[in-house]
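In my numbering, the protein residues as written are 162 to 448. Working notes, beginning with the structure itself.
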Amino acid sequence: MAWRSALRSATTWSSTTSTSCSTLGCRRARGCAVSRAAYLLAVAASLLLGGCGADRDTQPAPARATPPALGSSSQPTSAAPTGVPELEDGPVTPGRYRMAVLNTCDLDCPADEKPALPTLEVTVPAGWTAATELVSLFPAAGRDTSSPSDPALVLGWTNWWVGLNSQPCSQVSHQETDTPIGPSVDDFVDAVTAHPLIDSGEPSPVRLGKHRGTFFSLLGPEDLNDCEEWRPWEPSPYAQGPSNRWDLWVMDVDGVRVVVMTQYFPETPTDIEAELRAMARSVRFTR
C-alpha cells in the first residue's frame with residue numbers, strides 16, 4: 162500500500178513491484194493497489210524542528226460525529242549550499258537535509274508571474290525514505306503494516322496558487338476547480354475551514370522558525386465508495402483511504418504561501434505519527 166500521486170503531470174508514484182497506474186494516480190474504488198514507491202519522499206518531510214512555543218499544532222482530530230455530508234512540477238535545485246546536504250531519493254540516513262520547494266501548479270494556473278519559492282531544511286529520523294520529485298517522506302518498507310495506505314509528509318504541493326472544489330467527492334480524476342482562493346495564508350485557511358463539506362478543526366497560530374502561519378487539521382470521509390477521488394483543492398493529494406487525517410501547516414514564507422502536510426490514519430502506529438509531527442516541526446525556510 163502506498164501514498165498515491167496527486168500531481169496531474171507525469172510525476173507518478175513509481176512501484177517496486179509489477180503494479181502500475183496512470184500518471185494521474187490510482188483509483189481507490191477500483192482496487193488499484195500500489196506497492197511502496199521506489200523513491201519515497203523524504204525531502205519535504207521534517208517540518209519545524211525549532212520550538213513552537215505555546216502555539217497549538219497538536220489539536221485533536223475533527224469530531225468523527227460530523228463527517229462531510231456528502232501544475233507541471235519542475236525540479237529546481239536548492240539554493241546556495243549552506244553545509245546542509247541536499248536530500249536525495251531513496252532511504253535516508255538520519256540527519257538534516259535541504260531541498261527546494263516545487264511549483265506544482267499545472268491546472269488553471271494564473272497568468273501572472275510565478276513567485277520565487279524558498280528552499281527548506283528538514284530533520285529526518287531513522288526509518289524514512291524520500292522521493293524528492295514529489296517532495297514527500299514515507300516510512301521505510303515494513304514499518305507500517307496497519308495503515309490502509311502509506312502515511313506521508315508532503316511539502317509544497319499546495320503553495321502560492323490554489324483552486325477549491327465545491328464538491329470534493331469527484332467522479333473524475335482532477336476535476337476542474339470552481340472556487341479560486343487568494344494568495345495569502347488567511348485566504349486559504351478561511352476558504353477551507355468554511356467549506357460545508359470539509360470536516361476541519363479549529364485553526365491556530367503556528368511558527369516554523371522565524372516564519373509564521375496557521376495550523377489546522379481536516380478529516381476525510383469514512384466512506385469513499387461514491388468517489389473516484391476525494392480531493393478538496395488543487396494542487397493537492399486526494400484522500401488515501403477512509404478517515405484520512407491531514408495536518409496542515411500553512412506558512413507565510415516572506416510573502417509566499419507554502420503548505421506543509423502530514424497525512425495518516427486512525428490505524429497508523431503512534432511512533433510513525435509522532436515522527437511525522439516532529440519532522441514537520443523541524444522545517445525551516447531559507448532563500
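A virtual CB, placed ideally from N, CA and C, is assigned to each residue, including glycine.
On the premise that residue 406 lies in contact with residue 426, defined as a C-beta separation below 8 angstroms, what is that separation, rounded to the nearest angstrom? What you label residue 426 is simply residue 265 of the sequence shown in a count that begins at 1. What you label residue 406 is simply residue 245 of the sequence shown in a count that begins at 1. Contact annotation, residue 426 with residue 406: C-beta distance approximately 7 angstroms; criterion of less than 8 angstroms satisfied.
Which whole-angstrom value describes the C-beta separation of residue 374 and residue 411, a residue pair presumed to lie in contact below a C-beta threshold of 8 angstroms? The residue given as residue 374 occupies position 213 in the sequence shown. The residue given as residue 411 occupies position 250 in the sequence shown. The pair is a contact, with the Cβ atoms about 5 angstroms apart (cut-off 8 angstroms).
Do the segment 351-358 and the segment 247-264 touch if we need at least three Cβ pairs shorter than 8 angstroms? no
Residue 417 versus residue 383: straight-line alpha-carbon distance, rounded: Walking along the sequence shown from the start, residue 417 turns up at place 256. Walking along the sequence shown from the start, residue 383 turns up at place 222. Cα to Cα, the separation comes out at about 33 angstroms.
Please state whether the Cβ-Cβ distance between residue 420 and residue 372 is less than 8 angstroms. Working through the sequence shown from its first residue, we reach residue 420 at position 259. Working through the sequence shown from its first residue, we reach residue 372 at position 211. For the 8 angstroms CB-CB criterion, residue 420 and residue 372 do not form a contact.
Between the segment 287-301 and the segment 361-371, do three or more beta carbon pairs fall short of 8 angstroms? no
Check whether the Cβ of residue 344 sits closer than 7 angstroms to any heavy atom of the ligand ADP, and report yes or no. The ligand ADP is not part of this structure, which contains no ligands at all.
From residue 245 to residue 316, what distance separates their C-alpha atoms? Along the sequence shown, read from residue 1 onward, the residue named residue 245 stands at position 84. Along the sequence shown, read from residue 1 onward, the residue named residue 316 stands at position 155. One C-alpha to the other measures close to 18 angstroms.
Answer yes if the segment 388-396 comes into contact with the segment 334-351, meaning at least three C-beta pairs across the two stretches below 8 angstroms, and no otherwise. yes
Within this structure, are the beta carbons of residue 388 and residue 331 separated by less than 8 angstroms? Within the sequence shown, the letter at position 227 stands for residue 388. Within the sequence shown, the letter at position 170 stands for residue 331. Yes, the Cβ-Cβ distance between residue 388 and residue 331 is below 8 angstroms.
In the structure shown, what three-state DSSP assignment does residue 202 receive? Indexing the sequence shown from 1 puts residue 202 at position 41. Because the pLDDT of residue 202 is 31, which lies under 50, any placement of that residue in the model is unreliable, and the number read from its coordinates should be weighed accordingly. DSSP places residue 202 in coil when its eight states are reduced to three.
On a CA-only basis, which of 338, 285, 333, 435 is nearest residue 444? Give me that one, please. The residue you call residue 444 lines up with position 283 of the sequence shown. The candidate whose alpha carbon is nearest that of residue 444 is 285.
Cα-Cα separation between residue 439 and residue 310, rounded to whole angstroms: In the sequence shown, counting from the first residue as 1, residue 439 sits at position 278. In the sequence shown, counting from the first residue as 1, residue 310 sits at position 149. Whole-angstrom Cα-Cα distance: 20 angstroms.
In this structure, how does DSSP classify residue 418 when only helix, strand and coil are distinguished? Here residue 418 refers to the residue found at position 257 of the sequence shown. In the structure shown, residue 418 sits in a strand (DSSP, three-state: E or B).
Helix or strand or just coil, what does DSSP make of residue 349? Counting from one through the sequence shown, the residue named residue 349 turns up at place 188. In the three-state reduction of the DSSP assignment, residue 349 falls in the helix class, which pools H, G and I.
Under the three-state reduction of DSSP, which class applies to residue 431: helix, strand or coil? By 1-based counting over the sequence shown, the position of residue 431 is 270. Helix.
Tell me the DSSP bridge mates of residue 440? Your numbering for residue 440 matches position 279 in the sequence shown. According to DSSP, residue 440 bridges with nothing at all.
Can you check the segment 261-346 for any beta strand (DSSP E) of at least 3 residues that lies completely inside it and give the ranges in chain order? 280-285, 289-292, 297-300, 313-316, 323-325, 340-342
Can you say whether residue 313 is buried or exposed, counting buried as having 16 or more other CB atoms within 10 angstroms of its CB? Indexing the sequence shown from 1 puts residue 313 at position 152. Buried.
Going by DSSP, what residue range makes up the beta strand (DSSP E) through residue 366? Against the sequence shown, residue 366 aligns to sequence position 205. Counting along the chain, the beta strand (DSSP E) containing residue 366 begins and ends at 365-369.
Assign residue 250 to buried or exposed, taking buried as 16 or more other Cβ atoms, counted over all protein chains shown, within 10 Å of its Cβ. By one-based count along the sequence shown, residue 250 stands at place 89. Buried, by the Cβ-count rule.
When you compare only the Cα positions, how much space is there between residue 441 and residue 422? In the sequence shown, the residue the question calls residue 441 occupies position 280. In the sequence shown, the residue the question calls residue 422 occupies position 261. Those two C-alpha atoms are separated by around 8 angstroms.
Is it right to say residue 435 is buried, meaning 16 or more other beta carbons lie within 10 angstroms of its own, or is it exposed? Here residue 435 refers to the residue found at position 274 of the sequence shown. Exposed.
Other residues of its chain near residue 390: CB distance less than 7 angstroms, five sequence neighbours each side excluded: Translated into positions along the sequence shown, residue 390 becomes position 229. Once the five neighbours on either side are set aside, the close Cβ partners of residue 390 are 331, 334, 399.
Nearest-angstrom Cα distance between residue 340 and residue 326? On the sequence shown, residue 340 is found 179 positions in, with the first residue counted as 1. On the sequence shown, residue 326 is found 165 positions in, with the first residue counted as 1. Taken atom to atom, the span from the alpha-carbon of residue 340 to that of residue 326 is near 6 angstroms.
For residue 375, which three-state DSSP category applies? Indexing the sequence shown from 1 puts residue 375 at position 214. Note: residue 375 maps to strand in three-state DSSP.
Just to confirm the assignment, what range does the beta strand (DSSP E) spanning residue 447 have? Working through the sequence shown from its first residue, we reach residue 447 at position 286. 445-447 is the extent of the beta strand (DSSP E) around residue 447.
May I ask you to report which of helix, strand or coil DSSP gives residue 381? As a working note, residue 381 is residue 220 in the sequence shown. Here residue 381 sits in coil by DSSP.
Per DSSP, which residues does residue 252 bridge with? Please list them. As a position in the sequence shown, residue 252 is number 91, starting the count at 1. According to DSSP, residue 252 bridges with 290.
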